[in-house]
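Listed in order, the protein sequences are those of chains A and B.
Residues in the first sequence are numbered consecutively from 1, following the numbering used here.
Residues in the second sequence are numbered consecutively from 266, following the numbering used here.
Cβ atoms here follow ideal geometry from the backbone N, Cα and C, with glycine treated the same way.
Notes follow the structure.
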Amino acid sequence: MSKESPKLSYFLGKRLNKFFSGLASAYRFVLKFFREVWFPPYEFKEFIRQCYQIGYNSLPLISLTGFIVGIVFTNQSRPSLTEFGAASWLPALISIAVVRAMGPLVTALIAAGKVGSSIGAEIGSMKVTEQIDAMEVSATNPFKFLVVSRVLASTLMIPVLVMYTDFVALMGSFLSVNKNELVSLSTFFVQVFDALTFLDITASLLKSLVFGFTIGIVGCYKGYNSTKGTEGVGKAANAAVVMAMFLIFIEELLSLQITNYFRQM
Amino acid sequence: MRDDNKTTVIVGIFVLVGIIILIAGIMTLGSQQKTFGKNFRVTTVFDDIAGLQTGNNVWFSGVKIGTVRKINFYGESQVEIEMNLDANTKDYIRKNSKATISSDGLIGNKIIVIYGGTSDAGSIAEGDRLEAVMPLDTDKMMETLQENNNNLVSITEDLKVLTHKIAGGEGIVGALLTDSLLAQNFRGLMGDLNQTASRSNRLTSELVQFSQKLNQKGTTIDSFLSDTTLYASLQGTAKGLEATLEEANTVTNNLKVATEKLASPDNPAGMILNDEEFAAYMKSAMGNLDQSAESFNETLDALKYHWFFRRSFRKSERAKEESENE
């Protein structure tokens, strides 16, 4: 016991040291982003290219996912509501679920898987092949070109994708409700918006901005700090997805608390 | 360069469509929740708002006309509700309209329902306070329901006792169900009743026929009932009868006066009827007259044989015999 204690404390100390140093490194990285984002040169072309990659290219996948979510959630909720004789409340339930939680969450998780891993792998491979060092040598600010453009694109495109997801998920839900409850499109949307408030839409948009920022910054951070050659690239991509998803759930919980605080005011 | 432009356009369209979806959502939400239209504020005070929340709907005649804006405590334990109502509804809601808390469906959100009001009270205005009517309390409803349940149990127990007695042949109903003789009697009674009913029916139909005959044109009764001249004649007759009766009354009165006079001895007739002395006098006078008449007869008989009247008497006897023979 007396021999094991120093090893345990050493092990724990090393892990804690690594955790806190990683936290400090991430903090410095985020701080650097906020310092760089305001000042020129602005990499507009790269920003547009990243918007195209993150936003437009993700649209088919996210639309399909949103559509399926709408149908599945409606069909899963129907039996419970029918049991209470409240099947007519399906549009209201779906709108609240989709706009408040499902839309932003599903979009962010899909984007974390697709975009986060892509950013992590791309920047990680540039790091291990010393392309970032080369950019620095050629008087190009790699942080501004690679990180700021990607994080900004991710931050702005995820809310747009969430709008699409919400719309497509509601249309998927409408198909199911129309088939089973014979509800018209106008009645469906009247019931959908009857259940919503401006706070729901505002909270959903702000949450999506935070999710987008998280996906972008985590992907960039993991890629920017990748080591150990090609193996590190894979690890960076994987860590970017896992960390982004984890943080998205944490942020979802926090946003729920904040939204509820405003809702009760 | 061309690829860059193409990418920019695609991203622009992509973002634009996303923003359009957002704006369309916001506009629809705003129009449905009457956020962008002209509103006016009214208040009401409840003792208990039963879970009503900010943002809940306000209904008038089944139409959503606004939302709950603010909920404040008021007085000692009351709650003041501020409502934003659509300005277009101002002309339809009256100052004496009432507000109550209801539910949007069986398990729906709480809503405020504005109802009632009279046209003479005038339209509602900004800042007016509506009279609050407390909604039905679920607990009280359940209490009443429980009381009903207890009553139902009591009634069921009584019914149980009753049916048990009936099944055991107790009481009239029980005996009717179990005693075959009584049942036969009852059946007979019912038969009699049936016959009576059929006779009554027949009687009624005959009465109907009779009344129809009475109503037939040209019959005496119909003439009697419908002839206006006959009515006028009857009226005249009645008046004549009335006059006759009056005259009869007068005659009766006169007779009464005459009778009274006859009863008193101060007039000749009354004296004849009432005075004893006069009666004795009259009696002696009559006796004298009787004697005079006898003497007179004897005188006349004597005259028959007188030579002067003998021939005349014979003539009259002969004429008498002839007339008897004829």
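So, helix, strand or coil for VAL398(B), using DSSP?
strand
What residues from the region 296-310 of chain B come within 7 Å of chain A, judged by C-beta to C-beta, listed N to C?
GLN297
The beta strand (DSSP E) with ARG306(B) in it runs from where to where?
304-311
Minimum Cβ-Cβ distance from GLY320(B) to chain A less than 8 Å:
By the rule that beta-carbons nearer than 8 Å mark a contact, GLY320(B) touches chain A.
For SER560(B), count neighbouring Cβ atoms within 10 angstroms of its own Cβ and tell me buried if that reaches 16, exposed if not.
exposed
Kindly list the residues whose CB is nearer than 6 Å to the CB of GLY66(A), restricted to its own chain and excluding five residues on each side of it in sequence; keep chain order.
THR165, VAL168, ALA169
Mind pulling the chain A residues with CB within less than 9 Å of VAL323(B)?
Simply none; closest approach about 13 Å.
Cα separation between GLY327(B) and ILE258(A)?
One C-alpha to the other measures close to 35 Å.
Can you tell me whether ASN414(B) is buried or exposed? The criterion is at least 16 other CB atoms within 10 Å of its CB, across all chains shown.
exposed
Strictly under 8 Å for the Cβ-Cβ distance: is GLY55(A) near chain B by that measure?
At least one beta carbon of chain B lies nearer than 8 Å to the beta carbon of GLY55(A).
Under 8 Å, Cβ to Cβ, is there at least one residue of chain A near PHE279(B)?
With 8 Å as the cut-off, PHE279(B) counts as an interface residue toward chain A.
Rounded to whole angstroms, how far is the Cβ of VAL323(B) from the Cβ of LEU350(B), which I believe are closer than 8 Å?
Rounded, the Cβ-Cβ distance is 6 Å, consistent with contact.
Per DSSP, GLY331(B) is paired with what?
VAL323(B), LEU350(B)
Hey, is THR403(B)'s beta-carbon within less than 8 Å of any beta-carbon in chain A?
no
Closest by CA to LEU256(A), which one among PRO60(A), ALA236(A), SER208(A)?
Of the candidates PRO60(A), ALA236(A), SER208(A), SER208(A) places its Cα closest to the Cα of LEU256(A).
Per DSSP, GLN343(B) is paired with what?
TYR339(B)
Select from the region 158-182 of chain A all residues with a C-beta closer than 8 Å to any C-beta belonging to chain B, and list them in chain order.
PRO159, VAL160, LEU161, MET163, TYR164, ASP166, PHE167
Is DSSP giving SER255(A) helix, strand or coil here?
helix
Top-ranked residue by Cα proximity to GLU122(A), from VAL147(A), VAL210(A), TYR261(A):
VAL147(A)
I'd like the span of the alpha helix (DSSP H) that includes TYR56(A), first residue to last.
Neither: TYR56(A) is in no alpha helix (DSSP H) and is coded neither H nor E.
Below 7 Å on C-beta distance, what does CYS51(A) contact in chain B?
Correct list: VAL276.
Let me know if GLN474(B) comes out buried or exposed under the rule of 16 or more other beta-carbons within 10 Å of its beta-carbon.
The residue is exposed, with fewer than 16 neighbouring Cβ atoms inside 10 Å.
Decide yes or no for the touch test of the region 332-352 of chain B against the region 295-305 of chain B: beta carbon pairs closer than 8 Å, at least 3 of them.
yes
Which class does SER2(A) belong to by DSSP, given the choice of helix, strand or coil?
In this predicted model, SER2(A) has a pLDDT of only 48, less than 50, meaning its place in the structure is not dependable enough to derive any value.
If you run the structure through DSSP and keep just helix, strand and coil, what is ILE377(B)?
Annotated three-state conformation of ILE377(B) is strand, per DSSP.
ASP234(B): which of LYS363(B), MET399(B), THR494(B) sits nearest, CA to CA?
Examination of residue 234(B) is not possible in this model, given that chain B is present from 266 through 591 alone.
Would a C-beta distance cut-off of 8 Å place PRO91(A) and GLN191(A) closer than the cut-off?
yes
Length of the line joining the Cα atoms of GLY439(B) and VAL426(B)
12 Å
For LYS363(B): DSSP bridge partner residues
TYR380(B), GLU396(B)
Going straight from the alpha carbon of LEU206(A) to that of GLY103(A), what length do you get?
13 Å
Does any C-beta atom of chain B lie closer than 8 Å to the C-beta of THR65(A)?
no
Distance, Cα to Cα, GLN449(B) vs LEU424(B)?
27 Å
For SER226(A), which three-state DSSP category applies?
coil
Quick one: is LEU209(A) near chain B, going by C-beta distance under 8 Å?
no
Per-residue contacts from VAL106(A) into chain B (C-beta, under 7 Å)
Within chain B, not a single residue places a beta-carbon under 7 Å from that of VAL106(A); the smallest gap is close to 16 Å.
If you run the structure through DSSP and keep just helix, strand and coil, what is SER491(B)?
Correct three-state label for SER491(B): helix.
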